[in-house]
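Enquirer:
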Amino acid sequence: MRELLEELVQRGMRAGAQFAEVRAGTWRGASVTAEDGRIHRCSTYSSRGAGLRVLVRGAWGFASTDNLDPTSLRTALDEAIAMASAASPRVAQAARVAEAPSVEALSRAPVRMPPDSVSLSERVGAVAAFEERLRKHHTAIVNTIVNYTDGGGVTELVNSFGSYVRWEGSTCSLYLTAVAANETTRQSAFSGYASPRGFEVVADLDPDEVSDRTAQRAVDLLSAAEPPAGSMPVIVDPEITGLIVHEAFGHNCEADLVWAGESIVAGKEGQQVAAECVTIVDDPTWDWHNGSFEYDDEGVPARRHVLVQSGVLTEYLYDLEMAAHFGVAPNGAARAGSYHDRPLPRMSNTFMEPGDAELEDLIASVDRGVLICGDRGGYVDTTRGHFTFFAETGFEILDGRLGRQIRNCTLSGYTLETLRGVLGLSRDFGVADRGTCGKHGQGVRVSLGGPHMLVREITVGGSRIGEDT
Amino acid sequence: MVSEERALDLALAAVHAAVAAGAEWADAGVFCSQGQSVEFERNTVRECSSGRHEGLGVRAFVAGGMGTASASGLDLHTARRVGSEAAEMARTASPDPDFHRLPDPRPLEPPPVSWDDAVAGLPSQTLVEWCLEDIERGRSVTDDVFMSGAAGISAGVAAIASSTGVAVARRGTHVSWYVGASVWRDDRAASFFDGRSAVRLSDVQRGEGIVEKTVQTALALLDEATVPTGRRDVVLDYDVAGEWLYGVLAAAEAEGVQRGRSFMVGKEGDQIASDVITVIEDPFAPAAPASSSWDGEGMPKSRSALLDRGVLTTYLHNSYTAFKAGVEITGHASRSGGYVGIGLSNLQVQPGSVTKAELIAGIDSGLLIILGAPDPNRVTGQVSSTVDGGFLIEKGEVRGAVKGAMIAGHIFDLLRSVDAVSSDYRAYPGRIYPALRIRDVLVSSR
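Chains as they are written, first to last, in this note's numbering: chain A, 1 to 469; chain B, 1001 to 1446.
In C-alpha cells, the structure reads:
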C-alpha cells in the first residue's frame, strides 16, 4: 500500500499541487450489547478507505473513498485536484501549509490483550457479568444496558514532505447504563471506559464494583431533590472540571477557530484569561489515555501543550495550515476522525492541574451553593463563549456543609467569567477516559479531567426558585 | 454508483449467505452515495471535497438471538462474508422469546419524488458560486461580519431485502446549504445560522433573503440583557417549536418504552399536551429529504396524526416492538448498517388561528426563543435548558436579547401549558413548523 500512496502523492505534485497527502487504512472490530438479562446483540463491523488532500494555488481539495484499488484512488485524487483548481481563482485568502520535518515512523500503542486475541465467548461472558450485577443490584432497577466495542487496524500516511507514518492499533470501550424507577419518577446513571489499548480495558475492571456503583447512583437519584435555580457559588467535580476545560475553554484554543473569529481567546496570547491558580494542559503523550497518540494525523510528532499557565494564555493548537497562518511551527495537534476526514486542530487529553486545597475546605468556604457531579454532556457557543452543561447529580451546600442530594442539574455560564472566578482547586484529581469529541462531523477519542473546582458564580438551571439552597 | 437493481442483488446475496450460514431470519440493507461539498469560513472558500461511500449491513436471527454485521465496499464477496458473519454472531447472542419473526412483504404506496437530475448533475463550481454569493449577501448587511457555511449535493441508492421476500430499492438526491454569521462589537459577540435542504434544486430557496436575515438576527442578538428569575410566558419561534415537538415525538419510540427507559412509558392514548397541538407525520410529502413509502425494514409507512389535539395516538414501532406489543407495525423502522432502530419522517404541526405577532402581543412579560429547543431528558422528561438565542417580550413588544436565561420544568407540564399555535409558519419540503406559546414557564437567570 505504501508504494501506491507514494505514487498518488507524486501524481498530485506533478499536477501542480503545493502540498499533497494521502491517508488510507482498514479497521475491523466487534460489539456486544447485553440488555435486561440477555445478550441482545453481537456484531462485527469492518471498514476501509482513504482520504486524499491537495493544496492547489491556495485552494484545498479533498476526496474520500471506500475503495482502495488503484483506479478508485487515482479517480479520487483527480477529483480533489480538479475541484481545488477550479476553486483557486475564487479564494479570497490563499491557504498555505507550514513546513514540517519529514518523518518515517511506526506508531503502536502498548496493547497487552489485543481484542482479536480474546475469544468472542470470553468477551461476551465479560459483558454478561457486568450486566447481571448491574441488573441485580436493586429491585428498583428497571432497565440495564452494557455495551462493549473493540476494533483494530492499520492507517498509513504519506505526504509531500516525504513523511510516512504507519499507525497500528486497537481501541476498546465499555459503557454501562442503569435505569431505576419508582411510582413517581425514573432516573438513569451511566459509566464508561475507553482507551486506545486492548481488552485489558475491560479485564482490569472489577465488574461487581463498577456495576454496583453505577446502579446505586441511579437508585439514589430516585430520592434526590430537584436543583435550586439561579446564580450561586458552585463546586464542580473532576468530570465537570474536565468538561469546562475541554468543551468550554479548550475548543477556543484550536487555531482554526481562532482564525475564523469563533474563539473568545483570539488575540489574547500572553494575557490573563483565568484565575492565577488555573493551569490547563492538553497532552497527547500522556500514558496512552483515551486521547493519546504519538504522531498526529499530518505526521507531526505529538507533544504536550500548556494552553494556560497560571491563568495566562500560552499556546494554541495548530495543524499545518494554521501554523503557517500564525507563523509558528506545527505542534502536533492535527487530528482526523477517520481516513475519510481531513485533519483539523483538535484536543487530546485535556485537563486542569490540581491545586492544594482539600475538598472539605472548599465546601466549608461556601455559605450557600451547590456541589455538582457527573458529566452528562453539553454544548458551547464558542463565539459568545457561553456554555451549557448537564450533570447527573450534586448536593446542596448550606453553611459550609453538604445538604440534600439533587439531580438533573444544568449549568450555564460564560467561559472566561467562570475561569476568572475560580476561587480554589482541590489536590485530588480525576480523569474521564471514555468519550469522543465532535467537530465538523468528526469524532476523535479524548479524555478530560482535573480537580474539584470552586467557582464564585455559575447559573444553575433548576425548578426551585425563592427557596434557601 | 451502483444501480438500484445491483444494490438489491447484493442485498439478496447477503441475505442468502446469512440463511446458508444458519440464520432462521435475515435482512440486509445496501447503500451507495456520492457527493460534493464546498465550505467557507471567515469570508473565504476553504475547501472543496468529494466523497464516494458504499457498504452494507446484515441482521440475522437464530432462536431470536440477533447478530449484525456491516462493512464498507459493495461486491459479491463482501456481501456473502457479511451475511455469513451476521449469522455467526446471531448464534452467540441470547435467544429472545419476544422476537417473533421478520415481517412479510406488504403493498406499498407509490414512492414520493426523491430524485432530481438537476441536483445529480450540478457542477461543483456552482457550489463555489453559491458560497461566494452568501459571503457577499452577508457583507451587504454589515461589512464586519464573518460568514461561514457550506453548500453540498449528493446522490445515492438504498436497497433492503429480507428472507421473507421483502425487496425494495430507491434512489435519491439531496441538496443543502447553510450559513453562519458571527459579529463582534467591543466586547460583545453574537452568532446565528440558518440553512435549507431539499431533494430538488428548485426547492432549495436560494436568494430569498435568508442570508441577510441571518446576519440581521446575529446583530440583534448582540445587545443582551439579563432577565430576573421568575415565571414568564414563552413563545417558541417556528424552528424551535418544530424541533421541540420532533424531540418529544421521537421519544415515543416503542423500544425505549418497552424497556422502561423513557418518560413516555404508559402514555399511549393519553392527553400529553394541550388540545391546541396536532402533529401529522407525512412520509409521502413529495420531494422531501425524509420522505419514503417504506421504512428501514421495507414496511409501508403511513400518514397519520401522531399527536391529535394533544393525545399521543401511538407509539412508534418497528416489527420487533410491534410483534412484542401485539399491535400493527407502524412503519417507523430506521436502519443503520445492520442495526434497525426507530425513527420519524416529516412532521407537520397544524397551524392555529392567530399569527405569531398576535401570540406575542398577548404577552405582558415573556420570552421569544429563536434558538435552542427546551428538549427533555429522554429518561426523566425533565427539562432544564439554556435559551441559546432569545428576546425579551414586554407589553406585547419584542425587546432586546436575553442573556444567560434558562427554562425548566417537566415536559408534560410544558406541553399542557401551550395555549396557542400560530397561523403563520415556516415551511420546508415535507415539514410545517408554526410558532407555539407556552404560559407560565419557570425562567431562571443570573
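Ideal placement from N, C-alpha and C gives every residue a C-beta, glycine not left out.
All values derive from a computational prediction rather than experimental measurement.
Is there at least one Cβ from chain B nearer than 8 angstroms to residue 469 of chain A's Cβ?
Expert: Summary for residue 469 of chain A: the model assigns pLDDT 35, below 50, so the residue's position carries little reliability, and this model does not support an answer.
Enquirer: Does the Cβ-Cβ distance between residue 339 of chain A and residue 155 of chain A come in under 8 angstroms?
Expert: Contact: yes.
Enquirer: At a Cβ cut of 7 angstroms, what residues of the region 255 to 276 of chain A count as close to chain B, listed as they run along the chain?
Expert: Listed in sequence order: 259, 260, 261 and 262.
Enquirer: Pick from B/1143, B/1187, B/1088 and B/1207: whose alpha carbon is nearest that of residue 1133 of chain B?
Expert: The option with the nearest alpha carbon to residue 1133 of chain B is B/1207.
Enquirer: Does DSSP put residue 286 of chain A in a helix, a strand or coil?
Expert: Three-state DSSP puts residue 286 of chain A in coil, outside helix and strand.
Enquirer: Return helix, strand or coil for residue 277 of chain A, following the three-state DSSP convention.
Expert: Coil.
Enquirer: Sorted by chain position, which residues of the same chain lie with C-beta nearer than 6 angstroms to residue 469 of chain A's C-beta, five sequence neighbours on each side aside?
Expert: The predicted model places residue 469 of chain A with a pLDDT of 35, which falls under 50 and marks its position as unreliable, so this point remains unresolved.
Enquirer: For residue 471 of chain A, tell me which candidate among A/57, A/129 and A/455 has the shortest Cα-Cα distance.
Expert: There is simply no residue 471 of chain A to check, as chain A begins at 1 and stops at 469 in what is shown.
Enquirer: In chain order, what are the residue ranges of uninterrupted alpha helix (DSSP H) at least 4 long that sit wholly in the region 1307 to 1371 of chain B?
Expert: DSSP runs (the alpha helix (DSSP H)) wholly in the region 1307 to 1371 of chain B: 1319 to 1325 and 1356 to 1361.
Enquirer: Starting from residue 1266 of chain B, trace the alpha helix (DSSP H) in both directions and tell me its first and last residue.
Expert: From DSSP, residue 1266 of chain B is part of no alpha helix (DSSP H); its letter is neither H nor E.
Enquirer: If you draw a straight line from the alpha carbon of residue 387 of chain A to that of residue 245 of chain A, how long is it in whole angstroms?
Expert: In a straight line, the C-alpha of residue 387 of chain A is about 11 angstroms away from that of residue 245 of chain A.
Enquirer: Can residue 1337 of chain B and residue 1070 of chain B be called in contact, C-beta distance under 8 angstroms?
Expert: Yes; because the gap between Cβ atoms is below 8 angstroms, this pair is in contact.
Enquirer: Identify the residues that DSSP records as bridge partners of residue 1432 of chain B: which are they?
Expert: DSSP, once it has assigned bridges, lists B/1348 and B/1427 as partnering residue 1432 of chain B.
Enquirer: In terms of alpha-carbon separation, which member of A/359, A/172, A/241 and A/288 lies closest to residue 374 of chain A?
Expert: Considering only alpha carbons, the answer is A/241.
Enquirer: Assess contact between the region 1232 to 1247 of chain B and the region 1429 to 1440 of chain B, defined as three or more Cβ pairs (one per stretch) separated by less than 8 angstroms. Is contact present?
Expert: Yes, since at least three Cβ pairs between the region 1232 to 1247 of chain B and the region 1429 to 1440 of chain B fall closer than 8 angstroms, the two stretches touch.
Enquirer: Residue 1342 of chain B: which of B/1359, B/1363 and B/1320 sits nearest, CA to CA?
Expert: The residue with the shortest Cα to Cα distance from residue 1342 of chain B is B/1320.
Enquirer: Kindly indicate which three-state DSSP category residue 256 of chain A falls into: helix, strand or coil?
Expert: Of the three classes helix, strand and coil, the one that applies to residue 256 of chain A here is helix, per DSSP.
Enquirer: What are the boundary residues of the beta strand (DSSP E) that residue 178 of chain A is part of?
Expert: 164 to 181 is the extent of the beta strand (DSSP E) around residue 178 of chain A.
Enquirer: Expressed to the nearest angstrom, what Euclidean distance is found between the alpha-carbon atoms of residue 1024 of chain B and residue 187 of chain A?
Expert: Computed Cα separation, rounded: 37 angstroms.
Enquirer: Would you give the residue range spanned by the alpha helix (DSSP H) that residue 1006 of chain B belongs to?
Expert: That run of the alpha helix (DSSP H) goes 1004 to 1020.
Enquirer: Give the C-beta separation of residue 202 of chain A and residue 128 of chain A to the nearest angstrom, bearing in mind that I take them to be a contact with Cβ-Cβ under 8 angstroms.
Expert: Rounded, the Cβ-Cβ distance is 12 angstroms, inconsistent with contact.
Enquirer: Excluding sequence positions up to five away, which residues of its chain have a Cβ less than 8 angstroms from the Cβ of residue 467 of chain A?
Expert: Note that residue 467 of chain A scores 47 on pLDDT, short of 50, meaning its location in the model is unreliable; the coordinates nonetheless yield the value given after this. Counting only Cβ-Cβ distances below 8 angstroms, and skipping sequence neighbours, we find 228.
Enquirer: Helix, strand or coil for residue 242 of chain A? Go by DSSP, reduced to three states.
Expert: Helix at residue 242 of chain A.
Enquirer: At a CB distance below 9 angstroms, what residues from the region 1233 to 1250 of chain B approach chain A? Give them in sequence order.
Expert: Within the region 1233 to 1250 of chain B, no residue qualifies.
Enquirer: Determine whether the beta carbon atoms of residue 965 of chain B and residue 1112 of chain B lie at a separation below 8 angstroms.
Expert: Because chain B here runs from 1001 to 1446, residue 965 of chain B falls outside it and cannot be looked at.
Enquirer: For the region 19 to 55 of chain A, list the beta strand (DSSP E) runs that are entirely contained and at least 3 residues long, ordered along the chain.
Expert: Listed in chain order, they are 19 to 35.
Enquirer: Is it right to say residue 541 of chain A is buried, meaning 16 or more other beta carbons lie within 10 angstroms of its own, or is it exposed?
Expert: Given a span of 1 to 469 for chain A in the structure shown, any question on residue 541 of chain A remains unanswerable.
Enquirer: Look at the alpha carbon of residue 1438 of chain B and the alpha carbon of residue 1093 of chain B, and state the distance between them as a whole number of angstroms.
Expert: Distance between the alpha carbons of residue 1438 of chain B and residue 1093 of chain B is about 47 angstroms.
Enquirer: Could you tell me whether any Cβ in chain B is nearer than 8 angstroms to the Cβ of residue 62 of chain A?
Expert: Closer than 8 angstroms: yes.
Enquirer: Around the Cβ of residue 1356 of chain B, are there at least 16 other Cβ atoms within 10 angstroms (buried) or fewer (exposed)?
Expert: It counts as buried.
Enquirer: Have a look at residue 1391 of chain B and residue 1291 of chain B and give me their C-alpha separation to the nearest angstrom.
Expert: Taking the straight line joining both Cα atoms gives about 34 angstroms.
Enquirer: With a threshold of 16 other CB atoms inside 10 Å of the CB of residue 55 of chain A, please say whether the residue is buried or exposed.
Expert: Burial call: buried.
Enquirer: Suppose only complete runs of 4+ residues qualify. What are the alpha helix (DSSP H) ranges in the region 287 to 343 of chain A, listed by chain order?
Expert: Entirely contained in the region 287 to 343 of chain A, the alpha helix (DSSP H) runs reaching 4 residues are, in chain order, 320 to 326.
Enquirer: Do you know offhand how far residue 1238 of chain B's Cα is from residue 1278 of chain B's?
Expert: Distance between the alpha carbons of residue 1238 of chain B and residue 1278 of chain B is about 15 angstroms.
Enquirer: Restricting to runs no shorter than 4 residues, where is the alpha helix (DSSP H) found entirely within the region 1082 to 1142 of chain B?
Expert: DSSP runs (the alpha helix (DSSP H)) wholly in the region 1082 to 1142 of chain B: 1117 to 1120 and 1124 to 1141.
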